[in-house]
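Asker: If you use our numbering, the sequence shown corresponds to residues 10 to 219, in order.
C-beta atoms are modelled at their ideal positions from N, C-alpha and C, and glycine is treated no differently.
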Amino acid sequence: MPKVLLLNGSPHENGCTAAALHEMIQVFEQEGVETELIQLGKCAVRGCISCGACERKGKCVFDNDPVNETAAKFEAADGLVIGSPVYYGSPNGTLISFLDRLFYSTSFSKQMKVGAAVVSCRRGGNTASFDVLNKYFTISSMPVASSTYWNQVHGFTAGDVKKDLEGLQTMRNLARNMTFMMRAIALAKEQFGLPQLENSYFTSFPDGKA
Numbered sequence: 010m011p012k013v014l015l016l017n018g019s020p021h022e023n024g025c026t027a028a029a030l031h032e033m034i035q036v037f038e039q040e041g042v043e044t045e046l047i048q049l050g051k052c053a054v055r056g057c058i059s060c061g062a063c064e065r066k067g068k069c070v071f072d073n074d075p076v077n078e079t080a081a082k083f084e085a086a087d088g089l090v091i092g093s094p095v096y097y098g099s100p101n102g103t104l105i106s107f108l109d110r111l112f113y114s115t116s117f118s119k120q121m122k123v124g125a126a127v128v129s130c131r132r133g134g135n136t137a138s139f140d141v142l143n144k145y146f147t148i149s150s151m152p153v154a155s156s157t158y159w160n161q162v163h164g165f166t167a168g169d170v171k172k173d174l175e176g177l178q179t180m181r182n183l184a185r186n187m188t189f190m191m192r193a194i195a196l197a198k199e200q201f202g203l204p205q206l207e208n209s210y211f212t213s214f215p216d217g218k219a
């Protein structure tokens, strides 16, 4: 059975972002996909301090927030949905701090885990927020799931989101597409194995010369 981990970066557990994620969860459950929703918006999450301790310890040095606990669940999942409200044209800062540390401190392969970013906004800022969230997937060899419109809902309250019929439809189609991708990847992995990844080069030009 495929498993999807959903992260809610909103401090409002029953707000606009939650309404979008729960629309997806209903479809996942209908499709026989196991889900787990983690609420992050109210957590006290500090940002990465670039200490490098995770390279030695195999986990983030800070153990007093959900990062390390979530890492094990992320490793076991076949797909990851990241949901966030739009704040000043970007995802919630708490969520960004969490994702920076989650992705950087984990050494397990994320290759071919399916990723999807979901954003809620009153009017604008959604595309800029997608750009930020999708970069976590595309640097990690994670295929990005799409839908029949951008993965967004509009509204100032959860009640408003319930009126966004196209947005909710987009969430349902996104969940179906993710389910198909996870199943297809599992079959391809069994038959062909995963694509070979090269990791020999790390270009940084430390001497400042061309």
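#1: Tell me where the beta strand (DSSP E) around T123 begins and ends.
#2: Out of E22, T212, F83, which one is the CA nearest neighbour of M151?
#3: Please tell me whether T115 and A80 are closer than 7 Å, where the distance is taken between their beta carbons.
#4: Taking the beta carbon of D173 as the centre, do at least 16 other beta carbons fall within 10 Å, making it buried, or is it exposed?
#5: Jot down the residue ranges of each uninterrupted beta strand (DSSP E) in the stretch 98 to 167, minimum 3 residues, whole runs only, in chain order.
#6: When you compare the CB positions of V54 and D72, do they come within less than 7 Å of one another, or not?
#7: Quick check on this structure: which residue in P215, I148, F165, S155 has the alpha carbon closest to the alpha carbon of L206?
#8: Just to confirm my understanding: we take Q48, look at its own chain, exclude 5 residues before and 5 after, and list those with CB closer than 7 Å. What are they?
#9: From Y113, D87, T26, pick the residue whose C-alpha is nearest to that of R65; which is it?
#10: Skipping 5 residues on each side, what residues in its chain have a beta carbon closer than 8 Å to that of R185?
#11: Within the same chain, show all residues whose beta-carbon is closer than 6 Å to that of A28, passing over the 5 residues directly before and after it, in chain order.
#12: Rounded to the nearest angstrom, how far is the Cβ of H142 from that of P100, given a contact under 8 Å?
Answerer: Quick look at the numbers:
#1: Stepping through the sequence shown from its first residue, residue 123 is reached at position 114. One detail in the question is off: residue 123 reads as Val in this sequence, not Thr. Taken as a continuous stretch (DSSP letters only), the beta strand (DSSP E) holding V123 covers 123 to 130.
#2: For the purposes of this step, residue 151 is taken as the residue at position 142 of the sequence shown. Closest by C-alpha distance to M151, out of E22, T212, F83, is F83.
#3: Position 106 of the sequence shown, counted from the first residue, corresponds to residue 115. Position 71 of the sequence shown, counted from the first residue, corresponds to residue 80. Contact flag set, yes.
#4: Against the sequence shown, residue 173 aligns to sequence position 164. Its Cβ being crowded by 16 or more others within 10 Å, D173 is buried.
#5: Listed in chain order, they are 123 to 130, 161 to 163.
#6: Against the sequence shown, residue 54 aligns to sequence position 45. Against the sequence shown, residue 72 aligns to sequence position 63. It is not a contact, given that the beta carbons lie outside the stated cut-off.
#7: Counted from its first residue, the sequence shown places residue 206 at position 197. Measuring from the Cα of L206, the nearest candidate turns out to be I148.
#8: The residue labelled residue 48 in the question sits at position 39 within the sequence shown. Exclusion of the five residues before and after Q48 leaves N17, E22 as the residues of its chain whose Cβ lies within less than 7 Å of its Cβ.
#9: Translated into the one-based positions of the sequence shown, residue 65 becomes position 56. The option with the nearest alpha carbon to R65 is Y113.
#10: Numbered from 1 along the sequence shown, position 176 holds the residue referred to as residue 185. Excluding residues up to 5 positions away in sequence, V36, E40 lie with their Cβ nearer than 8 Å to the Cβ of R185 in the same chain.
#11: For this step, residue 28 is matched to residue 19 along the sequence shown. Non-local C-beta neighbours of A28 in its own chain, meaning closer than 6 Å and more than five positions away in sequence, comprise A167, V170, ordered along the chain.
#12: Here residue 142 corresponds to residue number 133 of the sequence shown, with the count starting at 1. Here residue 100 corresponds to residue number 91 of the sequence shown, with the count starting at 1. One point to set straight first is that residue 142 is Leu, not His, in the sequence displayed. Between P100 and L142 the Cβ distance is about 6 Å, and since that is below 8 Å, they are a contact.
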